[in-house]
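In the order they appear, the protein sequences are chains A and B.
Under the working numbering, the letters of the first sequence match residues 20 to 173, in that order.
Under the working numbering, the letters of the second sequence match residues 20 to 173, in that order.
This report concerns only the one structure given below.
2 protein chains.
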Amino acid sequence: MTLLTKKIDKQSLLYRMGFLTRRWRQMLDSAFQSLGLTDAAWRPLLHLHHLGDGIKQKDLAASLGIEGPSLTRILDQLIAKGFIERVEDASDRRAKLLTLSPQGRAMVTEITGKVSALEHDLLSTFDDTEIEQMSNFVERLEKRLQETRSRLKG
Amino acid sequence: MTLLTKKIDKQSLLYRMGFLTRRWRQMLDSAFQSLGLTDAAWRPLLHLHHLGDGIKQKDLAASLGIEGPSLTRILDQLIAKGFIERVEDASDRRAKLLTLSPQGRAMVTEITGKVSALEHDLLSTFDDTEIEQMSNFVERLEKRLQETRSRLKG
DNA sequence: AAATAATAGTTCGCATGCTATCTATTTTCT
DNA sequence: AGAAAATAGATAGCATGCGAACTATTATTT
């Protein structure tokens, strides 16, 4: 039986993924340091760009896969730096609408370049089939994890 | 060209791995809550068990893939709970040696059972070949990430 | 119409990783 | 042997995720 904890030196797959993402985050952090952005901050800019101006925080958080409070803090920083504007929604005064500022838009271009370069470099030893396969595995794991989760709760 | 950021809704593979590991950690956290352990705390117990009593903190940290300060804090908790003992190394008075207490040993048994069950459940939809494949991907990514990292530094 | 429930966002505090810096040792170099 | 460098661990403070609890609204129920 192959379990994740089978060997302690070949650790749990999930744990090793966490390890990977820590390293990846560190790499991105140092890449964006010169732009004055942390790793957590660039992604909201990219997502806002893709989702289009005028979306609610709630939707941006959902797109990022993080919770409201996590986004609030990051947005505070991005707004303080002038990359994003946050205005009240006239049709629902609980909500706030987000838009990219011109500087934000310029930053998106910078970010895309840097991230693409890093990703390209990281994945240059994998072919498309392999990446597709990994992607599928991750997707199945995500789904399975969600199922297990709701089963334990219910 | 298939890049991780190709599609914003099918996000970066690395990011999705981070997402997965957050969920996995949450699941473990709730599983271990009844034992009074957080997710970060059970792994050192398991590793200490596998490495054997009398190892140095440095080596345990290396085994876990975390830095010294991260381990120090967790160890403080585990020692406070009486699962681990930390004594000075007579042959190198900078170092501390770690041993599992009887309660710690009992906890290892509990942990192993819980984690195995969860992992087994999570992976029950994957066959051994697929798990092996995933493991290989992660290993190659780890290596590649490390190479890229040192190249950027050098 | 009034009461209740649900929703959007914020604030607060926790958990866990990190780096930088400090102390106490040990090792290495001259 | 003595000075300088390296190492083990602890401490302090930052970053980023979370959940719980709060406020202000909007939606639903009765």
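Ideal placement from N, C-alpha and C gives every residue a C-beta, glycine not left out.
The CB of THR128/B never comes closer than 9 Å to any CB in chain A; the least such distance is about 13 Å.
Just so you know, the alpha carbons of SER143/B and ARG159/A end up roughly 11 Å apart.
For LEU119/B, the secondary structure class from DSSP, reduced to helix, strand or coil, is strand. The Cβ atoms of LYS77/B and GLY84/B lie no closer than 8 Å to each other.
By the Cβ-count criterion, GLY37/A is buried, with 16 or more other Cβ atoms from all chains shown falling within 10 Å of its own Cβ.
Between the alpha carbons of SER89/A and ASP58/A lies a gap of roughly 13 Å.
With a cutoff of 8 Å on beta-carbon distance, ASP48/B and THR167/A are scored as not near each other.
DSSP places ILE98/B inside the alpha helix (DSSP H), whose first and last residues are 87 to 99.
Under the DSSP assignment, ARG35/B falls in the alpha helix (DSSP H) whose first and last residues are 32 to 51. Taking all protein chains shown into account, LEU171/A has fewer than 16 neighbouring C-beta atoms within 10 Å of its C-beta and is therefore exposed.
In the DSSP assignment, ARG62/B falls within the unbroken alpha helix (DSSP H) covering 58 to 70.
Taking 8 Å as the threshold, the shortest C-beta distance from THR40/B to chain A falls below it.
For THR144/B, the nearest CB of chain A lies under 8 Å from its own CB, placing it at the interface with that chain. Residue burial annotation: GLY123/A is buried, with at least 16 other C-beta atoms found within 10 angstroms of its C-beta. In the assembly as shown, SER31/A is a buried residue. Its beta-carbon has 16 or more other beta-carbons within 10 Å. Our two residues, LEU79/A and LEU164/A, have alpha carbons roughly 23 Å apart in a direct line. Between ILE74/A and LEU64/A, the C-beta gap is not smaller than 8 Å, which leaves the two residues out of contact.
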